[in-house]
Amino acid sequence: MALPVNIPHAGETIESALKNQIVPDQEFLLQGSVLDTSLPVVIDRLRGLCDNADIPPETFHDHEVVYILKDFNAPATPGPAGQGVMLRVRRAVDHPELPYQLRYVGYPEIGNYPAVLRNCLDVPVSSNVCEFLQELGAKLDHEFMAKGYIMKKGRIKVTIFKMYKIGAGMSKDNLEAMTMSHLVELSVLTTKTDMTVAEDLRNLADQLKPLVQLERLDYRRLGPP
Amino acid sequence: MHIVHNSETPTTTYAILDTGSKQVTLSADYLFDLMLPRLDHMYQSKKNLKIESKGAKYEIGDFLVKIGSVTMSGHYKGILVEVEYLPCVTPALCWSLVREFMQSFMGSCVKPTLPSYLQTRLHDIHTPQDTVQQYVEKFNEFRDGPSFTATQPATPAT
């Protein structure tokens, strides 16, 4: 006999979260870079600043493929509409059992924020996501490997990684580095209603000076992608 | 593209892309629904095209039976019956059992032949994706055809 139990559907809870603007879809980001020679110093400093200082930092090895979804037949128009939407697929090379991550990253918000603020959405997906995106009409833009360390301090995510090229004849252990330095990223996911965490991000960044200059990058100055 | 939610897997969204030549089913977290509005320069949802099957769920021994009334944009369309035989994951090994079970309470409207969806996948392991794909197939029949009673002879669950 079926009992009339009323369980709220996941959709209802997500809808109410949307209505109250508590979906964590905003990301604050600060970026900087450090030369490989200074890497151990930065890692030691960060271990002291972040949580779990007693254990070695967790490593990661990710493969990221970036797709662009837009109307490729339309004439090129300046502005976000003509550039389409960038969709990033990330998979952990060292943990093949984990789901792939599909990430939407929006354009940075204009305004006086202490860090880059952008719309961001992470969705765990099944491993046929690349085939799915291609069928959707998205085109492969570029791909790379990222290898490095991840730490956290409260809600802030700290990653120090190096980007590697992907090409023919390159195996997991034989990668060609793109630069002689590591990228340092501080990021935190927050909601539209909670902007205070950006200050914590700024404080952590200030404590890394002068080893790493973490800046709010102005992407518009870099020119169109 | 069809977006399907199944109450058995409440935090998963299934996106089924049908290009005519092939079908790609993506299983994603429920947050995928929030990503869709961001693709609105390419894809827009068709208004008023929501089909729902809602009803009671029964467990009889190893069988799971879901009897849902199908509504399309609020209009009643028919009844959909889903039968799952839990201990088995390949349709080939339990189809006759499922068929006999269904005939015992639905009589002659259960066809003795295998549903077309399962014919090519008889020896594959049945996954939740296969279940939602069969739902989409049945929903399309409901949408295109007049009101009638169809059966959804699903199948083993993982």
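Residue numbers (this note's numbering), protein chains in the order written: chain A, 384 to 608; chain B, -10 to 147.
Beta carbons: idealized from backbone N, C-alpha and C, even for Gly.
Computed from a predicted model, the values in this text were never measured in an experiment.
For residue i, which of helix, strand or coil comes out of DSSP?
{"i": "Phe358 (chain A)", "result": "Lying before the first or after the last residue shown, residue 358 (chain A) is absent from chain A, which here runs from 384 to 608."}
{"i": "Tyr47 (chain B)", "result": "strand"}
{"i": "Val567 (chain A)", "result": "strand"}
{"i": "Ser58 (chain B)", "result": "strand"}
{"i": "Thr102 (chain B)", "result": "coil"}
{"i": "Leu558 (chain A)", "result": "coil"}
{"i": "Lys402 (chain A)", "result": "helix"}
{"i": "Ser34 (chain B)", "result": "coil"}
{"i": "Met91 (chain B)", "result": "helix"}
{"i": "Asp477 (chain A)", "result": "coil"}
{"i": "Ala17 (chain B)", "result": "strand"}
{"i": "Asp524 (chain A)", "result": "strand"}
{"i": "Glu598 (chain A)", "result": "strand"}
{"i": "Pro(-1) (chain B)", "result": "strand"}
{"i": "Thr609 (chain A)", "result": "Chain A is shown from 384 up to 608; residue 609 (chain A) falls before or after that span and cannot be answered."}
{"i": "Cys609 (chain A)", "result": "Shown here, chain A extends from 384 to 608; a query on residue 609 (chain A) therefore has no answer."}
{"i": "Tyr490 (chain A)", "result": "coil"}
Comparing C-alpha positions only, which one of the options sits nearest to residue i?
{"i": "His444 (chain A)", "options": "A:Gly531, A:Lys535, A:Lys548", "result": "A:Gly531"}
{"i": "Gly520 (chain A)", "options": "A:Asp505, A:Val541, A:Val468, A:Asn557", "result": "A:Val468"}
{"i": "Phe515 (chain A)", "options": "B:Lys100, B:Thr60, B:Val13, B:Thr120", "result": "B:Val13"}
{"i": "Ser416 (chain A)", "options": "A:Val425, A:Asp454, A:Glu410, A:Asp408", "result": "A:Val425"}
{"i": "Glu83 (chain B)", "options": "B:Thr2, B:Asp51, B:Leu6, B:Gly9", "result": "Residue 83 (chain B) is actually Cys in this sequence, not Glu. The shortest C-alpha separation from Cys83 (chain B) is found at B:Asp51."}
{"i": "Lys522 (chain A)", "options": "A:Thr574, A:Val472, A:Asp589, A:Glu480", "result": "A:Val472"}
{"i": "Asp437 (chain A)", "options": "A:Pro407, A:Gln484, A:Met534", "result": "A:Met534"}
{"i": "Arg88 (chain B)", "options": "B:Thr102, B:Leu6, B:Cys77", "result": "B:Thr102"}
{"i": "Cys513 (chain A)", "options": "B:Glu(-3), B:Leu6, B:Arg27", "result": "B:Leu6"}
{"i": "Ile539 (chain A)", "options": "A:Met561, A:Leu429, A:Leu594", "result": "A:Leu429"}
{"i": "Ala560 (chain A)", "options": "A:Pro440, A:Asp583, A:Tyr547", "result": "A:Tyr547"}
{"i": "Lys11 (chain B)", "options": "B:Val99, B:Arg27, B:Lys66, B:Met(-10)", "result": "B:Met(-10)"}
{"i": "Gln123 (chain B)", "options": "B:Leu107, B:His112, B:Arg132, B:Ile114", "result": "B:Leu107"}
{"i": "Thr576 (chain A)", "options": "A:Gln404, A:Ala400, A:Glu398", "result": "A:Gln404"}
{"i": "Met528 (chain A)", "options": "A:Gly550, A:Gly537, A:Lys536", "result": "A:Gly550"}
{"i": "Met563 (chain A)", "options": "A:Thr420, A:Thr579, A:Pro407", "result": "A:Thr420"}
{"i": "Tyr450 (chain A)", "options": "A:Gln466, A:Pro423, A:Leu591, A:Val406", "result": "A:Gln466"}
{"i": "Glu130 (chain B)", "options": "B:Leu111, B:Leu69, B:Pro26", "result": "B:Leu69"}
{"i": "Gln92 (chain B)", "options": "B:Val72, B:Ala81, B:Leu111", "result": "B:Val72"}
Express the C-alpha separation of residue j and residue i in angstroms, rounding to a whole number.
{"i": "Thr0 (chain B)", "j": "Asp22 (chain B)", "result": "11 Å"}
{"i": "Val508 (chain A)", "j": "Leu470 (chain A)", "result": "13 Å"}
{"i": "Glu41 (chain B)", "j": "Tyr19 (chain B)", "result": "17 Å"}
{"i": "His30 (chain B)", "j": "Val121 (chain B)", "result": "27 Å"}
{"i": "Ala525 (chain A)", "j": "Lys453 (chain A)", "result": "The identity of residue 525 (chain A) in the sequence shown is His, whereas the question assumes Ala. Taking the straight line from one Cα to the other gives about 15 Å."}
{"i": "Val476 (chain A)", "j": "His446 (chain A)", "result": "6 Å"}
{"i": "Thr2 (chain B)", "j": "Val125 (chain B)", "result": "13 Å"}
{"i": "Cys77 (chain B)", "j": "Gln517 (chain A)", "result": "34 Å"}
{"i": "Gln619 (chain A)", "j": "Val541 (chain A)", "result": "With chain A covering only 384 through 608, there is no way to say anything about residue 619 (chain A)."}
{"i": "Phe544 (chain A)", "j": "Leu597 (chain A)", "result": "14 Å"}
{"i": "Gly63 (chain B)", "j": "Thr(-2) (chain B)", "result": "24 Å"}
{"i": "Met95 (chain B)", "j": "Ile(-8) (chain B)", "result": "30 Å"}
{"i": "Thr442 (chain A)", "j": "Leu558 (chain A)", "result": "17 Å"}
{"i": "Tyr32 (chain B)", "j": "Asn495 (chain A)", "result": "33 Å"}
{"i": "Lys66 (chain B)", "j": "Lys39 (chain B)", "result": "12 Å"}
{"i": "Ala139 (chain B)", "j": "Val59 (chain B)", "result": "No answer about Ala139 (chain B) holds up, because its pLDDT of 49 lies below 50 and its placement is not dependable."}
{"i": "Tyr74 (chain B)", "j": "Leu53 (chain B)", "result": "6 Å"}
{"i": "Leu422 (chain A)", "j": "Gly431 (chain A)", "result": "14 Å"}
{"i": "Glu492 (chain A)", "j": "Thr579 (chain A)", "result": "16 Å"}
{"i": "Arg27 (chain B)", "j": "Phe90 (chain B)", "result": "46 Å"}
{"i": "Phe455 (chain A)", "j": "Ala4 (chain B)", "result": "23 Å"}
{"i": "Glu34 (chain B)", "j": "Ala400 (chain A)", "result": "Inspection of the sequence shows that residue 34 (chain B) is occupied by Ser rather than by Glu. Distance between the alpha carbons of Ser34 (chain B) and Ala400 (chain A) is about 21 Å."}
{"i": "Asn435 (chain A)", "j": "Ser105 (chain B)", "result": "56 Å"}
{"i": "Cys503 (chain A)", "j": "Ile397 (chain A)", "result": "16 Å"}
{"i": "Ala17 (chain B)", "j": "Leu86 (chain B)", "result": "32 Å"}
Under the assumption that residue i contacts residue j (Cβ atoms under 8 Å), give the Cβ distance between them as a whole number of angstroms.
{"i": "Arg501 (chain A)", "j": "Val488 (chain A)", "result": "6 Å"}
{"i": "Val506 (chain A)", "j": "Leu481 (chain A)", "result": "About 14 Å; that fails the 8 Å criterion."}
{"i": "Val499 (chain A)", "j": "Arg585 (chain A)", "result": "Not quite, the Cβ-Cβ distance comes to about 12 Å (not below 8 Å), so this is no contact."}
{"i": "Leu594 (chain A)", "j": "Lys536 (chain A)", "result": "Not a contact, Cβ separation roughly 16 Å."}
{"i": "Pro497 (chain A)", "j": "Glu582 (chain A)", "result": "6 Å"}
For residue i, does the count of other Cβ atoms within 10 angstroms reach 16, so buried, or fall short, so exposed?
{"i": "Glu395 (chain A)", "result": "exposed"}
{"i": "Ser570 (chain A)", "result": "buried"}
{"i": "Thr109 (chain B)", "result": "exposed"}
{"i": "Leu412 (chain A)", "result": "buried"}
{"i": "Lys55 (chain B)", "result": "buried"}
{"i": "Ala45 (chain B)", "result": "exposed"}
{"i": "Leu418 (chain A)", "result": "exposed"}
{"i": "Asp113 (chain B)", "result": "exposed"}
{"i": "Lys402 (chain A)", "result": "exposed"}
{"i": "Gln590 (chain A)", "result": "exposed"}
{"i": "Glu478 (chain A)", "result": "Looking at the sequence itself, residue 478 (chain A) is His, so the reference to Glu does not match. Classification of His478 (chain A): exposed, given that the 10 Å Cβ count is below 16."}
{"i": "Lys128 (chain B)", "result": "Going by the sequence as given, residue 128 (chain B) is Phe instead of Lys. With 16 or more other Cβ atoms within 10 Å, it is buried."}
{"i": "Leu15 (chain B)", "result": "buried"}
{"i": "Thr573 (chain A)", "result": "buried"}
{"i": "Asp427 (chain A)", "result": "exposed"}
{"i": "Glu48 (chain B)", "result": "exposed"}
{"i": "Gly57 (chain B)", "result": "buried"}
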